[in-house]
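What follows is a short report on a single structure.
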Amino acid sequence: MKWKTTQFAESQLDGDKKIRFHLKNADLYSYLPDQNPGKLTVTYVPAENGGLLPSDEKIPESLRFAMRGKPSGYRVVSERGWVYADLHSVAAEKTSACFTKDADWTDDVDWCVEAWYRVADMGTEPNYGLATFVSPSSARNAAIFLSDKAVGIISSRDHTHQVLKSVDMNTTDGFHWYRLVHSGGEKGTISLSVDGKEAICLAYTDLFHRGVPTPGIMFGPNAGHMEGRLHVAKFGYRVGSTDPLFGPVKQP
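When you line the sequence shown up against my numbering, it's residues -15 to 236, in that order.
Structure, rendered in structure tokens:
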């Protein structure tokens, strides 16, 4: 067997790669598939990526998010041992400060989304303004509802966002670990836990199908022309698995 090698062109250096092997005159064809087909894990932790925003081109495309507001509303802050994304939607700028990522799956697929959040300013945000949306076009949608005084679960139909259930909580006193989980397939449950304790559990069928095109994943202040501010120390989601991503908040 004779091996041939060549260098990647500069335009090929970044991004994920798959490798294909072709054995000539052997009646064999082999292809290295994606590991864990059907499962996906995406995380953003600025303390571990050199202080980058999730939209930075240095981040691999499979982990990168799209910035949906003016760049002035996004920055990474280091203070008192914390490193976090400071997402500030300034009403006077007539913008938002969220990130989005395309993603789609069906109702039979389990998933989870997690974050270490601190609400810095509820401002004039509506009920969905600081929400973390999970809105696959082929499945029911849910979101983590956040205000300065409560946390809960939202589901949306068209452009109407309904808080299905919420509990009182001070979300401004520090970072908290929020975890939204769909388990059990189409007849399963949607649950929200905070700092490792379940706060809400509903039937998955209580959720709505969105009915309008939206990004599959969205986090950060998302209501255009409204004032709001959210600090994000960690964010991530899994599709095809509900294994925890981060665990409880650890003080630096």
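Just so it is clear, CB atoms sit at the ideal spot from N, CA and C, and this is done for glycine as well.
{"query": "Roughly how many angstroms lie between the CA atoms of Leu7 and Ser46, to the nearest whole one?", "result": "Because Leu7 carries a pLDDT of 46, less than 50, the predicted location of this residue cannot be relied on, and the following value inherits that uncertainty. About 29 angstroms."}
{"query": "Run the proximity test for Leu47: is its beta-carbon closer than 7 angstroms to any non-hydrogen atom belonging to the ligand ZN?", "result": "Among the ligands in the structure shown, none appear at all, so the ligand ZN cannot be discussed."}
{"query": "Return the CA-CA distance between Phe83 and Lys171, expressed in angstroms with no decimal places.", "result": "30 angstroms"}
{"query": "Based on the DSSP output, what are the partners of Trp66 in its beta bridges?", "result": "Glu63"}
{"query": "With a cut-off of 8 angstroms, do at least 3 Cβ pairs link the segment 120 to 128 to the segment 194 to 209?", "result": "yes"}
{"query": "Taking Ala104 as part of the beta strand (DSSP E), name the residues at either end of that continuous run.", "result": "95 to 105"}
{"query": "Could you check what DSSP says for Gly204 in three-state terms: helix, strand or coil?", "result": "coil"}
{"query": "Can you tell me the Cα-Cα spacing of Phe192 and Ala127, whole angstroms?", "result": "11 angstroms"}
{"query": "Considering only residues of the same chain and omitting the five flanking positions on each side of Gly208, which have a CB-CB separation below 6 angstroms?", "result": "Ser80"}
{"query": "Report all residues from its chain with a CB closer than 6 angstroms to the CB of Pro228; omit the five preceding and five following residues, and keep chain order.", "result": "none"}
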